[in-house]
Amino acid sequence: MDTFKTKNGSVQGFRASAEVTAVLGVPYAAPPFGANRFREPLPAPAWSGVRDCTAFGPIAPQSATLPGAPVWSPDDEDILTVNIWTPAPEGGRLPVLVWIHGGAYTFGSSAQPDFDGTELARAGLVVVTLNYRLGFEGFGHVPAAEATAYPDNRGLLDQVAALRWVRENIGAFGGDPGNVTVAGQSAGAASVACLMVMDRARGLFHRAIVHSAASPCYTLEIAAATTREIAAAAGCPATLEGLTSATPQNLVIASDKVVDAYRRDPASGSRHYDPALYAPVLDGAVLPTDPLTGMASGATREVDLLVCHTTEEYWLLDAVGSSAKVTTDGQLALFAEDFHLPDGLVAGYRAAMPHAPVLDVYLAVFGDLLFGEYSNRLVELHAQAGGRAFLSRFDRRRTGPNGVVRAWHCADIPFAFGNLGTECLAFLIGGAPTPADYGLARRMVRAWADFATTGYPGWPSVNNSTAQARIWSTEADSADDKAAAIRALWVKADFPVLCP
2 MDTFKTKNGS
12 VQGFRASAEV
22 TAVLGVPYAA
32 PPFGANRFRE
42 PLPAPAWSGV
52 RDCTAFGPIA
62 PQSATLPGAP
72 VWSPDDEDIL
82 TVNIWTPAPE
92 GGRLPVLVWI
102 HGGAYTFGSS
112 AQPDFDGTEL
122 ARAGLVVVTL
132 NYRLGFEGFG
142 HVPAAEATAY
152 PDNRGLLDQV
162 AALRWVRENI
172 GAFGGDPGNV
182 TVAGQSAGAA
192 SVACLMVMDR
202 ARGLFHRAIV
212 HSAASPCYTL
222 EIAAATTREI
232 AAAAGCPATL
242 EGLTSATPQN
252 LVIASDKVVD
262 AYRRDPASGS
272 RHYDPALYAP
282 VLDGAVLPTD
292 PLTGMASGAT
302 REVDLLVCHT
312 TEEYWLLDAV
322 GSSAKVTTDG
332 QLALFAEDFH
342 LPDGLVAGYR
352 AAMPHAPVLD
362 VYLAVFGDLL
372 FGEYSNRLVE
382 LHAQAGGRAF
392 LSRFDRRRTG
402 PNGVVRAWHC
412 ADIPFAFGNL
422 GTECLAFLIG
432 GAPTPADYGL
442 ARRMVRAWAD
452 FATTGYPGWP
462 SVNNSTAQAR
472 IWSTEADSAD
482 DKAAAIRALW
492 VKADFPVLCP
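Here the sequence shown stands for residues 2 to 501, numbered as in the working numbering.
Dropping the structure here:
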């Protein structure tokens, strides 16, 4: 087994393949519980001897059970860990890719099988994945007289601490701390976009990969209102003392109760459709502005940006039952009203999808509202402000055992990591992978590796007026962009979406 020396002590990993060593569950910060709860992450304590790092560390408090991934236990505290896959001996200078998982800021972990870094490491990268605080622990607003001692956006601060760990330690694993790309999907991608506009993260990475970024940030007022709902469901005062007295498990259970109440109440506004209680908070301190505004100002122009979204994002959320069913014209009209959609937008989608049922129109609009159009605007604003930006869309479909498998949310990630053969991912990709699937995965892995190495993924960058996209498909990758008619419908829509 290979041993590596970090600043806190030596770690021992294992051979994930003949060429790649994996080192799992390395602490990058102290456990964020007890006296450290609701505070900024503190440095991890040092250790003596060689630490066995052959298994993933514990995951953040959550109620989710994900295929192939560990579940959270209330006894787990040392949750702030990183995992490394490296093909290089100590002293190498390979580009580094740091991955931030998604999960609505509420669930997920770096131990999910689709995030195994072996294939990307084979492509010439040192890959790092990380856990961070989720739910109320990571993104809940804590009312306190000492606001700086109990900051908002603790999950983002954890990510910054992990990036600092990379800067200080990745050389021991053959990585170049001067060539770091931070990447993520969904809430992880939105986290990356937030890191791009955060002063605390400046200089810690040089390129960014954003897949299906989720659009909402919340104001302090929205975050404070959510805290009151959570506290009421947990049976504690909405104060620092009351929230501290509630265990992490209590707050997870309370969050699930609040989510369920929104799901059951069609009159509860925009949160009824997919209750996302937590999001980065525009606190003016940790997160000074939303990513779109920051990019438009030129604050991110020094960071190369690669964006991807899938063409049928929201069909996954419907398939797993996390989205409300909208099946009548009346429900669709209420949905448009709850999200303040421009006049004519829904009608434009119906014209573009003349034979589709109401549910499909709703899923198409909602997917573009939360992910697709937001991705387009990130690219264009970054380019208009002088940054280098690239856009791609994942449009791979196939017929699986249970019918047509769409190009839905999360389906692109097993391809970009090159992890198609894991049985628990069969639902995402529609059964056993085909030779064409493996070919697509090789191309996507190569694009990520090339972008992380040179800043160029293999197709032209967006200029300051148009978003020319690479289309990922098993049929034939192309630069043709057929989304112009749909994009025109969004011209009058306000972004970022801030309504809860």
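The C-beta atom is built at its ideal place from N, Cα and C for all residues, glycine as well.
Rounded C-alpha distance that separates residue i from residue j
| i | j | result |
| --- | --- | --- |
| Gly-136 | Gly-104 | 10 angstroms |
| Ile-487 | Phe-418 | 29 angstroms |
| Asp-79 | Pro-62 | 11 angstroms |
| Leu-15 | Ala-173 | Note that residue 15 is Phe in the sequence shown, not Leu. Rounded to the nearest angstrom, the two C-alpha atoms are 15 angstroms apart. |
| Leu-196 | Ala-225 | 22 angstroms |
| Ala-163 | Thr-329 | 46 angstroms |
| Asp-305 | Gln-113 | 27 angstroms |
| Arg-398 | Ala-209 | 27 angstroms |
| Arg-201 | Glu-169 | 16 angstroms |
| Ala-150 | Thr-240 | 14 angstroms |
| Leu-307 | Gly-431 | 26 angstroms |
| Thr-290 | Gly-204 | 18 angstroms |
| Leu-370 | Ser-111 | 27 angstroms |
| Val-128 | Gln-186 | 15 angstroms |
| Cys-237 | Phe-108 | 23 angstroms |
| Val-24 | Gln-469 | 39 angstroms |
| Thr-7 | Ala-188 | 29 angstroms |
| Ala-334 | Asn-464 | 36 angstroms |
| Ala-300 | Gly-404 | 45 angstroms |
| Val-161 | Thr-182 | 13 angstroms |
Status (buried if at least 16 other CB within 10 Å, exposed otherwise) for residue i
| i | result |
| --- | --- |
| Ile-175 | Here residue 175 is Gly; the residue named in the question, Ile, does not match the sequence. Buried: at least 16 other Cβ atoms inside 10 Å. |
| Pro-1 | Within the shown structure, residues of the chain are numbered from 2 to 501, placing residue 1 beyond reach of any answer. |
| Ala-353 | exposed |
| Pro-436 | exposed |
| Thr-82 | buried |
| Asp-266 | exposed |
| Asp-495 | exposed |
| Leu-157 | buried |
| Ser-376 | buried |
Start and end residues, beta strand (DSSP E) containing residue i
| i | result |
| --- | --- |
| Asp-159 | Counting along the chain, Asp-159 falls outside any beta strand (DSSP E), though it belongs to the alpha helix (DSSP H) covering 155-170. |
| Gly-404 | 404-406 |
| Gln-250 | Here Gln-250 belongs to no beta strand (DSSP E); instead the alpha helix (DSSP H) covers 249-265. |
| Pro-178 | 176-186 |
| Pro-28 | 22-28 |
| Asp-392 | It is Leu, not Asp, that sits at residue 392 in the sequence shown. That run of the beta strand (DSSP E) goes 390-395. |
| Phe-5 | 4-7 |
| Trp-449 | Careful: Trp-449 lies outside any beta strand (DSSP E), inside the alpha helix (DSSP H) at 436-455. |
| Trp-491 | That residue, Trp-491, is in no beta strand (DSSP E); it is neither H nor E in DSSP. |
Contacting residues, own chain, Cβ-Cβ under 7 angstroms from residue i (five flanking each side not counted)
| i | result |
| --- | --- |
| Pro-44 | Ala-30 and Ala-31 |
| Asn-180 | Pro-96, Val-97 and His-207 |
| Val-446 | Glu-120, Leu-121, Ala-124, Ala-417 and Gly-419 |
| Cys-425 | Pro-68, Gly-69 and Pro-114 |
| Leu-318 | Asp-275, Ser-324 and His-410 |
| Asp-117 | Phe-418 and Asn-420 |
| Val-253 | Pro-62, Gln-63, Ser-64 and Gly-136 |
Close beta carbons around residue i, own chain, < 6 angstroms, minus the five adjacent residues each side
| i | result |
| --- | --- |
| Ala-277 | Ala-105 |
| Ala-191 | Ala-214 and Ala-215 |
| Ala-450 | Ala-124, Gly-125 and Leu-126 |
| Phe-391 | Leu-307, Pro-458 and Ser-462 |
Boundaries (first-last residue) of the alpha helix (DSSP H) holding residue i
| i | result |
| --- | --- |
| Gln-385 | 374-385 |
| Ile-223 | 221-235 |
| Pro-96 | First-last for Pro-96: 95-101, but that is the beta strand (DSSP E), not the alpha helix (DSSP H). |
| Thr-119 | 119-123 |
| Ala-353 | 346-353 |
Cut-off 8 angstroms between Cβ atoms - residues of its own chain near residue i, not counting five sequence neighbours on either side
| i | result |
| --- | --- |
| Cys-473 | Before going on, a small fix: residue 473 reads as Trp here, not Cys. Closer than 8 angstroms at Cβ, skipping near neighbours: Cys-309, Ser-393, Arg-394, Phe-395, Asp-396, Arg-397, Asp-413, Phe-416, Leu-441, Arg-444 and Met-445. |
| Arg-264 | His-273, Pro-276 and Ala-325 |
Any non-hydrogen atom of the ligand NAD closer than 7 angstroms to residue i Cβ
| i | result |
| --- | --- |
| Ala-320 | Absent from the structure shown: the ligand NAD. Ligands present: none. |
May I ask you to verify whether the stretch 226-234 touches the stretch 139-146, counting CB pairs closer than 8 angstroms and requiring at least 3? yes
Inspect the CB distances between the stretch 360-376 and the stretch 332-347 and report whether three or more fall short of 8 angstroms. In short, these stretches touch, since the Cβ pair count reaches three.
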